[in-house]
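Colleague:
Residue numbers (the working numbering): 2 to 503.
Dropping the structure here:
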């Protein structure tokens, strides 16, 4: 259970927090809503009032005890059920002025026990809160009631004020009657639900709206401390030295892309030389994928998508550089200005050669001067796969896609830039959802492109050096149009927080 407040709780003092989260940044997980089955002669839990198709459920609170009968002197069935155990309610009975609940974990009523109603929390919503991915968002604040929270949400300076509250909490000078908990500090990392499960049940919700525009939900959630602060051992310093970074370059290799392929090759060669000098090669690996377009009737195009360099841990630098040397632009034109970028992305994400799971930070840099064929295009390799499918795929794999869009004069003449911009901006929402990683290069200037790539890999190398030396990256506020270098480091910070939180 996450440590969210400063004292241990009993079932008399379990806290109910209120927080606001923009809907697009909140993970709401359904947890087994069960409807009435029609099995005859089987005892079923009580139905929810007003919703006969759903069963009543409760969460056990700290200190709850399960007994064979509704009495404090009855036989003890379970002395310490796990806090927030989810149980069905089979009966409610008043005994000497106290309400008792008959509960069970199953749906057949064969194994039940009793506990006082005050040792349980009714749970009708049957949803839980999960922290959104870290990155540019602020740490989550928990408020005692809705009044102060709603006032903050509707304040035109909500961003500045919430940052001030976070700073006050860290300094111990906040209004303790209003803000009663906060997400763990950066140095503690963001709890990873997959490796360190936690439970914050949602008890109620209320719609609200930011003064600056945009709807949100105020959520009432429950949480408890796992142990009293006095018994918490001194926290170990986080160790980020083993965090591994995988970067894949997905490059449009059609005939117009020669100068950009050369620049990528040059900058990656310089990066390897630096990492080798600083003895930091083990933490970073590169993959390279090229893509073109439908090659039916155009055998000189050779391929639609091709893995030039698999993404594998500890791939020898000379092998990666040799693979980059083999990448050349096509010698003939494709059938359309748009290329089959969706198939290129699919290959970079799903090819067995791309061992994403071996890496903690997973970054895919796509480089093109053209838009992408829609999934429904008859010339597309994957006619049933849309860009939305690709974005969801990247999110499932934990891959942040950073599209670099070359706004060349030819692209302008083709009238392709607006459509392509929309496609790449959608892709740019992968990874940290609070940033858009779309990078346009005005006029498609190869020298400008090289300077952007060089600044990015230099900053990446510095960040990797910090991590290998066990120096945690700090949270940095990014401008709306952040440079590639800072977007890369923000993704490393996001992954670092989850890595430390495991």
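The beta carbon of each residue, even a glycine, is placed where N, CA and C say it ideally should be.
Here the structure is a predicted model, which means the values were calculated and not measured.
Evaluate the contact criterion for the region 101–115 versus the region 440–459: three or more CB pairs, one atom per stretch, below 8 Å.
Modeller: The answer is no - the region 440–459 does not touch the region 101–115, with fewer than three Cβ pairs under 8 Å.
Colleague: What whole-angstrom Cβ distance do residue 59 and residue 90 have, given they're in contact under 8 Å?
Modeller: That belief holds up - the Cβ atoms of residue 59 and residue 90 are roughly 6 Å apart, short of 8 Å.
Colleague: In terms of alpha-carbon separation, which member of 356, 216, 222, 265 lies closest to residue 316?
Modeller: The option with the nearest alpha carbon to residue 316 is 356.
Colleague: How many whole angstroms separate the CB atoms of residue 130 and residue 203, which I take to be in contact at a CB cut-off of 8 Å?
Modeller: Confirmed, Cβ separation roughly 6 Å.
Colleague: Identify every run of the beta strand (DSSP E) within the region 264–294, keeping only runs that are complete inside it and at least 3 residues long; order them along the chain.
Modeller: Counting whole runs of 3 or more residues, the region 264–294 contains the beta strand (DSSP E) stretches 285–292.
Colleague: Taking the alpha-carbon of residue 171 as reference, which of 140, 201, 153 has the nearest alpha-carbon?
Modeller: Minimum Cα distance to residue 171 is reached at 140.
Colleague: Pick helix, strand or coil for residue 387, following the three-state DSSP scheme.
Modeller: In this structure, residue 387 counts as coil in the three-state DSSP scheme.
Colleague: So, does the region 432–443 touch the region 467–476, judging by three or more C-beta pairs under 8 Å?
Modeller: Verdict: no, contact absent.
Colleague: Residue 371: buried (16+ other C-beta within 10 angstroms of its C-beta) or exposed?
Modeller: Buried, since its Cβ has 16 or more Cβ neighbours within 10 Å.
Colleague: So what does DSSP say about residue 211, is it helix, strand or coil?
Modeller: In this structure, residue 211 counts as coil in the three-state DSSP scheme.
Colleague: Buried or exposed for residue 486, please, with buried defined as at least 16 other CB atoms from any protein chain shown within 10 angstroms of its CB.
Modeller: When all chains shown are included, residue 486 counts as buried.
Colleague: Pull the bridge partners of residue 95 from the DSSP assignment, please.
Modeller: Residue 95 is bridged to 100.
Colleague: Quick check on the DSSP output: what are the complete beta strand (DSSP E) runs of length 3 or more inside the region 440–468, in order along the chain?
Modeller: Correct list: 440–443.
Colleague: For residue 288, which of 276, 388, 352 has the nearest alpha-carbon?
Modeller: That would be 352, whose Cα lies nearest to the Cα of residue 288.
Colleague: Whose C-beta lies closer than 6 Å to the C-beta of residue 483 among residues of the same chain, with five residues either side of it excluded?
Modeller: Answer for residue 483: no residue qualifies.
Colleague: Is it true that the CB of residue 294 sits closer than 8 Å to the CB of residue 305?
Modeller: Yes. Within cutoff.
Colleague: Can you give me the start and stop residues for the alpha helix (DSSP H) that residue 381 sits inside?
Modeller: Note, residue 381: premise wrong, no alpha helix (DSSP H); not H, not E.
Colleague: Opposite residue 247 in the DSSP bridges: which residues?
Modeller: DSSP lists 286, 363 as partners of residue 247.
Colleague: What are the boundary residues of the alpha helix (DSSP H) that residue 427 is part of?
Modeller: Residues 418–428.
Colleague: Span of the beta strand (DSSP E) holding residue 143?
Modeller: First-last of the beta strand (DSSP E) with residue 143: 142–144.
Colleague: If we count Cβ pairs, one from each stretch, closer than 8 Å, do we get three or more for the region 266–285 versus the region 338–352?
Modeller: Not touching, per the Cβ criterion.
Colleague: Exposed or buried, residue 363, counting other C-beta atoms within 10 Å across all chains shown (16 or more means buried)?
Modeller: Buried.
Colleague: Within a Cβ cutoff of 7 Å, which residues of the same chain sit near residue 160, ignoring the five residues on either side of it in sequence?
Modeller: So the list is empty, once near-sequence residues are dropped.
Colleague: What span of residues does the beta strand (DSSP E) with residue 123 cover, start to end?
Modeller: Counting along the chain, the beta strand (DSSP E) containing residue 123 begins and ends at 121–123.
Colleague: Between which two residues does the beta strand (DSSP E) harbouring residue 310 extend?
Modeller: Counting along the chain, the beta strand (DSSP E) containing residue 310 begins and ends at 306–310.
Colleague: So what's residue 328 in DSSP terms, helix, strand or just coil?
Modeller: Looking at residue 328 - three-state DSSP - the assignment turns out to be coil, as it is neither helix nor strand.
Colleague: In the DSSP assignment, the alpha helix (DSSP H) including residue 350 goes from what residue to what residue?
Modeller: Residues 342–351.
Colleague: When DSSP labels each residue in this structure, what does residue 201 get in the three-state scheme?
Modeller: Here residue 201 sits in coil by DSSP.
Colleague: Under the assumption that residue 361 contacts residue 496 (Cβ atoms under 8 Å), give the Cβ distance between them as a whole number of angstroms.
Modeller: Between residue 496 and residue 361 the Cβ distance is about 5 Å, and since that is below 8 Å, they are a contact.
Colleague: Express the C-alpha separation of residue 162 and residue 409 in angstroms, rounding to a whole number.
Modeller: Between residue 409 and residue 162, the C-alpha separation is close to 42 Å.
Colleague: State yes or no: is the C-beta of residue 510 within less than 8 Å of the C-beta of residue 490?
Modeller: Missing from the structure shown is residue 510; the chain here goes from 2 to 503 and no further.
Colleague: Our contact map puts residue 121 next to residue 62 with C-beta atoms below 8 Å; I'd like the distance itself, whole angstroms only.
Modeller: Contact flag correct, Cβ pair sits at about 6 Å.
Colleague: Go ahead and pull the three-state DSSP assignment for residue 71.
Modeller: The answer is coil: DSSP assigns residue 71 none of H, G, I, E or B.
Colleague: In the DSSP output, which residue or residues are listed as bridge partners for residue 48?
Modeller: In the DSSP output, where bridge partners are listed per residue, residue 48 has 56.
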